[in-house]
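A.B. asks:
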Ligand SMILES: C[S@@+](CC[C@H](N)C(=O)[O-])C[C@H]1O[C@@H](n2cnc3c(N)ncnc32)[C@H](O)[C@@H]1O
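Numbering (the working numbering), first residue to last: 2 to 217.
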């Protein structure tokens with residue numbers, strides 16, 4: 002997916018991936034894991050997800066999002082004040098509990114997201130086609146060398162029945178992508194067949210969401 006695709010989505014308000022409620026698996030999954038809560042939470046490809054506000058109860062949250070519009074809406078829709086500064090190729094949106102690097106995730110440097118204890122991926126990996134998923138994971142590892150925990154919400158459907166995004170990412174692929182991890186645990190599953198995925202209904206014969214806890 003090229004950057005232009007996502008920027009157009011935001012400009013044209015084609016944001017059916019956005020959820021108007023906290024992801025139902027998030028509290029369930031978080032209650033099952035442990036991580037170093039003195040460190041920050043990182044949310045790559047964060048959109049304007051309300052989950053970031055929920056995660057802020059655990060400390061500082063740092064998002065990374067391409068679209069300036071998404072970042073502005075993220076704060077404005079919650080009536081939160083924020084400041085913006087230019088830093089290298091990014092704009093840094095700053096707030097007392099949630100900050101966002103606005104720009105290209107693939108251009109982020111490790112020092113920009115230092116000291117991360119937990120990574121939260123909802124609709125980030127599955128937003129990307131296969132080759133970009135490999136690059137995404139390599140960049141995640143470079144940005145967060147560990148020790149770190151990742152909560153990954155993935156999605157599976159018969160690949161030939163729909164072209165993404167969201168892309169189908171099987172459990173097998175998750176295990177291959179994160180083959181450097183010290184542990185990969187499947188914590189929860191939701192059968193979404195015939196049901197909505199955020200605001201969208203997909204015409205697929207099977208749709209399953211899986212929550213993984215990955216540590217490295
Ligand atoms: C499917 S949406 C998911 C957003 C959010 N995680 C959520 O759950 O609502 C994917 C997001 O990734 C952003 N994005 C895509 N490519 C990006 C990149 N290279 N750097 C930063 N953000 C990117 C898009 O603008 C979009 O908001």
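Note that beta-carbon positions come from the ideal geometry of N, C-alpha and C, so glycine has one too.
Given the structure, does residue 140 come close to ligand 1, in the sense that its CB is under 7 Å from one of the ligand's heavy atoms?
C.D. replies: No; taking the cut-off as 7 Å, the Cβ of residue 140 has no heavy atom of ligand 1 nearer than that.
A.B. asks: Excluding the 5 residues preceding and the 5 following residue 231 in the sequence, name in chain order all residues of the same chain whose CB lies nearer than 7 Å to its CB.
C.D. replies: Within the shown structure, residues of the chain are numbered from 2 to 217, placing residue 231 beyond reach of any answer.
A.B. asks: Regarding residue 48 and ligand 1, is the C-beta to nearest heavy atom distance less than 7 Å?
C.D. replies: Under cutoff, so the answer is yes.
A.B. asks: Should the region 25-37 be called in touch with the region 142-152, which here means at least 3 C-beta pairs below 8 Å?
C.D. replies: Cβ pair count under 8 Å is three or more, so yes.
A.B. asks: Mapping the DSSP letters down to three states, classify residue 45 as helix, strand or coil.
C.D. replies: DSSP places residue 45 in strand when its eight states are reduced to three.
A.B. asks: Using CA coordinates, which residue listed in 91, 56, 18, 3 is at the minimum distance from residue 201?
C.D. replies: Measuring from the Cα of residue 201, the nearest candidate turns out to be 18.
A.B. asks: Can you grab the Cα-Cα spacing for the pair residue 115 / residue 162, in whole Å?
C.D. replies: The straight-line gap from Cα to Cα measures roughly 40 Å.
A.B. asks: With the cut-off set at 8 Å, would you say residue 61 and residue 41 are in Cβ contact?
C.D. replies: Yes.
A.B. asks: By DSSP's criteria, residue 151 is part of a beta bridge. Which residues make up the other side?
C.D. replies: Partner(s): 120, 215.
A.B. asks: Measure the C-alpha to C-alpha separation of residue 236 and residue 21 and round it to an integer number of angstroms.
C.D. replies: There is simply no residue 236 to check, as the chain begins at 2 and stops at 217 in what is shown.
A.B. asks: Taking 7 Å as the cut-off, is the beta-carbon of residue 123 closer than that to any non-hydrogen atom of ligand 1?
C.D. replies: Answer for residue 123: yes, Cβ within range of ligand 1.
A.B. asks: Can you give, in chain order, each stretch of the alpha helix (DSSP H) that sits fully within the region 14-79 and has at least 4 residues?
C.D. replies: Those alpha helix (DSSP H) runs which fall completely within the region 14-79 and span 4+ residues are 26-31, 52-56, 69-77.
A.B. asks: May I ask whether a heavy atom of ligand 1 can be found less than 7 Å away from the beta carbon of residue 166?
C.D. replies: At least one heavy atom of ligand 1 is nearer than 7 Å to the Cβ of residue 166, so yes.
A.B. asks: My output table needs one value for residue 190: the three-state DSSP class, helix, strand or coil.
C.D. replies: Strand at residue 190.
A.B. asks: So residue 121 packs on residue 180, CB below 8 Å; how close in whole Å?
C.D. replies: About 21 Å; that fails the 8 Å criterion.
A.B. asks: Could you tell me if the beta carbon of residue 106 falls within a distance shorter than 7 Å of some heavy atom in ligand 1?
C.D. replies: Under cutoff, so the answer is yes.
A.B. asks: Going by beta-carbon coordinates alone, are residue 167 and residue 207 separated by less than 8 Å?
C.D. replies: No, Cβ-Cβ distance for residue 167 and residue 207 is not below 8 Å.
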